Amino acid sequence: MSHLRLDSFDVFAAIVRCGGFRAAAIERGVSSSALSQTINALEESLGIRLLNRTTRSVSPTEAGQRLLDRLAPALGDIRLAITEVDELRDSPSGTLRINAPAPAVDHLLCPLLFDFMQTYPAVKIEVMSDAAVIDIVEHGFDAGVRFGKQLAQDMIAVPLGLPLKYAIVASPDYIERHGRPVTPHDLIQHDCIRRRFPGGTLVSWRFSNGNDEMDITPEGRLTLSTAHNELQAALAGRGIAHVFEDYAKPHISAGRLIEVLPDWSPTLPSWFLYYPSRRLPSAAMRAFLDCVRTYNWHANTDAI
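Our numbering runs 3 ahead of the 1-based position in the sequence shown.
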């Protein structure tokens with residue numbers, strides 16, 4: 004029973020269903036002699052005749068009918084499985100898993116994904132907020148988001164959103180009590196709200212004004228790990244915070260926070276969405292990439 008091929012059984016089932024070699028050959032777009040050779044090889048491998056052939060008709064033998072009774076459900080399942088795989092390949096469906104830091108999730112991914120889900124209702128989305136640098140392939144993610152292009156090899160990077168800016172902010176109450184810093188050096192005299200990365204490193208604050216550039220590791224009584232908590236602390240008057248401008252904008256506009264040192268805030272690269280270059284993207288991933296590339300970030304900035 005060597006050299007058995009799955010397509011040989013499909014040919015056998017097609018001949019019985021169509022009632023002959025000629026009709027089956029037309030259905031499959033091949034010659035009758037090619038089907039005859041396939042059946043001869045199958046019968047030889049099995050060591051038993053499967054078809055009764057006359058000049059007028061073709062019908063299964065007892066062995067052929069028993070085999071067909073067993074094959075029909077299995078062949079149907081195989082066709083269904085292939086159809087389902089084709090649908091996953093050709094139309095956006097399935098699950099899309101993305102790993103991204105919280106700021107990118109808050110201000111970019113969520114507005115984008117909400118629109119994407121409305122357009123592609125068959126796609127499920129799973130987003131993991133994570134600031135740690137991980138191997139997205141090893142952890143089963145389709146894509147990740149990181150700041151700048153400092154990515155692993157074999158990754159394709161796509162810009163996500165507009166260039167970024169940090170804002171240095173404090174509450175009006177804090178400014179009234181402690182004064183307003185005029186230069187970055189003045190921050191040494193202030194209670195700054197510090198942030199620590201998951202790996203343990205304290206976030207330094209970068210400043211740029213013309214040719215003057217400097218990094219400052221802030222001092223302060225409060226150290227946090229998320230931008231949301233930093234913003235909470237600033238709103239409560241607990242110090243000066245260093246957060247992405249998108250977080251602070253609504254509170255600055257409402258007068259709940261005051262931006263300080265705006266002339267010292269440098270423009271930074273955008274976030275980047277990255278995904279493996281060696282993996283064929285699913286239909287859902289391809290649709291998502293198209294959405295990223297065509298999304299009007301300028302028009303949606305106010306909604307963030």
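Every residue, glycine too, gets a C-beta built ideally from N, C-alpha and C.
Computed from a prediction, not measured in an experiment: that's the story for all the values here.
Query: Between Pro104, Val19, Gly202, which lies nearest to Arg69 when the distance is taken from Cα to Cα?; Result: Val19
Query: Name the DSSP bridge partner or partners of Ala44?; Result: Answer is none; Ala44 lacks a bridge partner.
Query: Spatial neighbours of Asn55 within its chain, please: CB distance less than 6 Å, with the 5 preceding and 5 following residues excluded, ordered by chain position.; Result: Ser62, Thr64
Query: So, are the CB atoms of Ser35 and Arg25 less than 8 Å apart?; Result: yes
Query: Express the C-alpha separation of His142 and Glu262 in angstroms, rounding to a whole number.; Result: 39 Å
Query: Taking 7 Å as the limit between beta carbons, can you name the residues of its chain near Thr229, skipping five residues before and five after?; Result: Ala105
Query: CB Leu115 to CB Cys294, shorter than 8 Å?; Result: yes
Query: Look at Leu238 and Arg198 and say whether their C-beta atoms are less than 8 Å apart.; Result: no
Query: Have a look at the DSSP bridge pairing and note the partners of Phe247.; Result: Tyr169
Query: Taking the runs of the alpha helix (DSSP H) that are 4 residues or longer, which of them lie wholly in the segment 232-294?; Result: 248-256
Query: Would you mind sorting Asp305 into buried or exposed? The rule is 16 or more other CB atoms within 10 Å of its CB.; Result: Low confidence applies here, because Asp305 scores a pLDDT of 46, under 50, leaving its location unreliable; read the following figure in that light. It is exposed - the Cβ of Asp305 has fewer than 16 other Cβ atoms within 10 Å.
Query: Using the three-state DSSP reduction, which class does Gly147 fall into: helix, strand or coil?; Result: strand
Query: List the DSSP bridge partners of Phe210.; Result: Met217
Query: Verify whether the separation of the beta carbon atoms of Pro269 and Ser211 is less than 8 Å.; Result: yes
Query: Which class does Arg52 belong to by DSSP, given the choice of helix, strand or coil?; Result: coil
Query: Confirm, please, whether the CB-CB distance from Gly67 to Leu53 is below 8 Å.; Result: yes
Query: Assuming contact is defined by CB atoms lying nearer than 8 Å, are Leu74 and Ala16 in contact in what I supplied?; Result: yes
Query: Per DSSP, what kind of secondary structure is Ile159 in: helix, strand or coil?; Result: strand
Query: Could you tell me which residues DSSP puts in a beta bridge with Ala103?; Result: Ser132
Query: Measure the Cβ-Cβ separation of Gly147 and Ile196 and say whether it is below 8 Å.; Result: no
Query: Could you name the residues that DSSP lists as bridge partners for Ser62?; Result: Asn55
Query: Quick one: grab the DSSP three-state call for Arg224.; Result: coil
Query: Output needed for Leu9: all residues of its chain with C-beta closer than 8 Å, excluding positions within five of it in sequence on either side, in chain order.; Result: Ile81
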